[in-house]
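Written out below as structure tokens is the structure these notes cover.
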Amino acid sequence: MSLQVGVIGTGMIGQDHIRRLTRVLSGAEITGVSDIDYDRAASAAPEGAEVFETPQALVRSDNVQAIVICSWGPAHEEQLLDCIAAGKPVFCEKPLVTSEAAALRVMEAEAAFGRRLVQVGFMRRFDADYRRLKAVIDGGSLGAPLMYKSVHRNASVPEGLYTSEMPLNDTLVHDADISRWLLADEIESVEVRVPRRSSRGTDLRDPVMVMLHMQSGAIVDVEISVNIAYGYDIRGEVSCETGVAALPNRPATVISDHFGIRQAIPEDWRERFTEAYDQEFREWLLAAGQGGATGPSTWDGYAATLVADAALRAVKSGGRETIQMIGKPEIYS
Ligand code: NAP
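Residues 92 to 424 (our numbering) are what the sequence shown spells out, left to right.
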């Protein structure tokens, strides 16, 4: 039997996940949608889905067994707490929430419920290239990981949607999460260096270099460029004691023409991570069908939120900002 899924937030990624759940994967039926803009929800609603006036009404509906949250970050906390109060599995796009206090409230509610209900949309963990990279590091043949370079480049970001700190409070969470996961380590402190600002017509703090100091002593350096024009380019390279393991350049058709010999670069995250999102939802549907969640948890969302907060502090202080995590609640171990 199909899992009855309700989707909150029917913008860019909400529509992409609706397409995925209705046209690519089996095992789900979209029975409800909701957006702050009712008409946008109505036009994104697949046949047979009810359009709800509010996210709360969607969460409470008897025809919705599990929820996908694709609204913007500041709305996530309230919607997550509603899902947990209803005891329904919920997939929440990143960022989990936008403050440490909010992350703690969501964790407290989930821990009080007694088991995991929340999965966070850190899709890189489901990407085949990242999984192979992790398998090499975990295999130990290259020795301990010492340094990791993470490059996160976006061609552009929608104008007016974000504040100037978006690269640090919205984008960096992916690099923070993948660093913790790949190196099986926690982030202890954060530094930020701000080079000459790109003149490409935005007031974003872009580009930006972030250094993540891991508890083991390993160091991660992250380049974030969210307005780099040429395409969506994600790279990663781990330097270990006796060798280096790197994400491959994505295989793409080799084009030869009067510009030379070249390979296409993905336009955006939808193209680069299509298979990762598919796999993420395949695994979520299985877990949610059993009333739970898998992969990145509220704990991981909390950890990424702390990194974003520390990075924002580091921009102001110019120094190295320390992260203090609470003890890990049992349901996440
Ligand atoms: P978007 O196109 O702006 O879509 C968000 C939608 O949610 C909009 O229709 C928005 O309406 C609606 N919304 C805002 N507040 C709401 C509320 N309180 N209740 C219900 N609907 C609400 O943004 P997006 O690019 O799809 O991003 C959505 C989320 O996914 C963000 O958290 C973003 O960081 C995340 N994301 C993740 C990835 C990834 O790689 N995993 C990629 C892209 C986005 P208005 O426009 O009228 O405010």
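C-beta: ideal position from N, C-alpha, C; glycine also. In this text the structure is predicted, and so the values were computed from the model without any measurement.
Inter-residue spacing [alpha-carbon to alpha-carbon] between residue i and residue j
i    : j    : result
T122 : R363 : 28 Å
G118 : K179 : 17 Å
W375 : F182 : 7 Å
L172 : A378 : 19 Å
I109 : G100 : 10 Å
M416 : A157 : 29 Å
T145 : D107 : 21 Å
V398 : D153 : 38 Å
G164 : S125 : 16 Å
S190 : E199 : 14 Å
A203 : E279 : 27 Å
S408 : H243 : 24 Å
E138 : E256 : 39 Å
I127 : G230 : 47 Å
E250 : P286 : 22 Å
S134 : G351 : 43 Å
T333 : P339 : 19 Å
G102 : R114 : 18 Å
R404 : R296 : 14 Å
L208 : D268 : 19 Å
T396 : V188 : 7 Å
Span of the alpha helix (DSSP H), counted from its first residue to its last, around residue i
i    : result
V115 : Segment: none, V115 is in no alpha helix (DSSP H) and carries neither H nor E.
L172 : G164 to A176
D229 : A219 to G230
G380 : T365 to G380
A320 : That residue, A320, is in no alpha helix (DSSP H); it is neither H nor E in DSSP.
A384 : No alpha helix (DSSP H) contains A384, which DSSP labels as neither H nor E.
A136 : Unbroken run through A136: none, as it is neither H nor E.
P146 : P146 to R151
V197 : E191 to F204
Beta-bridge partners of residue i, as assigned by DSSP
i    : result
I278 : M305
V335 : S330
G212 : Paired residues: none, contrary to the question.
M238 : I310 and S330
H243 : I315 and I325
S424 : Per DSSP, none; premise fails for S424.
E141 : G123
E412 : V281
V299 : I315
Proximal residues to residue i (C-beta, below 6 Å), its chain only, five neighbours per side dropped
i    : result
E120 : S93 and Q95
E141 : G123
E277 : Q306
V313 : S241, D266 and V301
T385 : E374 and A378
A193 : E168
I346 : R353
A132 : T101, V124, S125, D126 and V142
Other residues of its chain near residue i: CB distance less than 7 Å, five sequence neighbours each side excluded
i    : result
G382 : P180
W360 : Y323
E184 : I104, I160, C161 and G212
P236 : I228, L274, A309, V329 and C331
L112 : V96, A119, I121 and F372
R151 : A177
Residue from the options with nearest C-alpha to residue i
i    : options                   : result
V197 : S388, I414, P298 and A402 : S388
Y239 : E421, A166 and W272       : W272
A343 : I228, G351, L403 and I356 : I356
Y393 : T333, L295 and H167       : H167
R215 : I310, L172, G139 and A367 : A367
W390 : T145, E201 and G409       : E201
Q147 : I175, G139 and S134       : I175
R414 : R114, S316, V345 and A402 : Per the sequence shown, the amino acid found at residue 414 is Ile instead of Arg. Closest option to I414, Cα to Cα, is A402.
V281 : E191, D400 and Q370       : D400
E358 : A219, A246 and R131       : A246
L259 : G251, P298, E250 and G139 : P298
R411 : R222, F204, E256 and R284 : R284
Y129 : L149, L116, N318 and R114 : L149
P186 : G139, G251, H243 and L263 : L263
S270 : D261, Y221, G380 and R296 : Y221
V317 : A177, R206, D261 and D348 : D261
Q370 : Q170, V406 and A219       : A219
L116 : R206, I325 and T365       : T365
Y423 : Y253, Q210 and Q170       : Q210
First through last residue of the beta strand (DSSP E) which encompasses residue i
i    : result
S157 : It is worth fixing the name first, because residue 157 is Ala in this sequence and not Ser. Element bounds for A157: A157 to I160.
I356 : I356 -> no beta strand (DSSP E), and no H or E assigned at all.
V398 : Here V398 belongs to no beta strand (DSSP E); instead the alpha helix (DSSP H) covers T389 to S408.
D348 : V345 to D348
L94  : L94 to I99
V181 : V181 to C183
Sequence-distant residues of the same chain with beta carbon closer than 8 Å to residue i, five excluded per side
i    : result
A336 : L224, V227, I228, L233, E328 and V329
A320 : A246, S247 and R291
V155 : Q95, V96, G97, T122, G123, L149 and K179
8 Å Cβ cutoff, residue i in contact with chain D
i    : result
Q210 : The chain inventory of the structure shown lacks chain D, comprising one protein chain alone.
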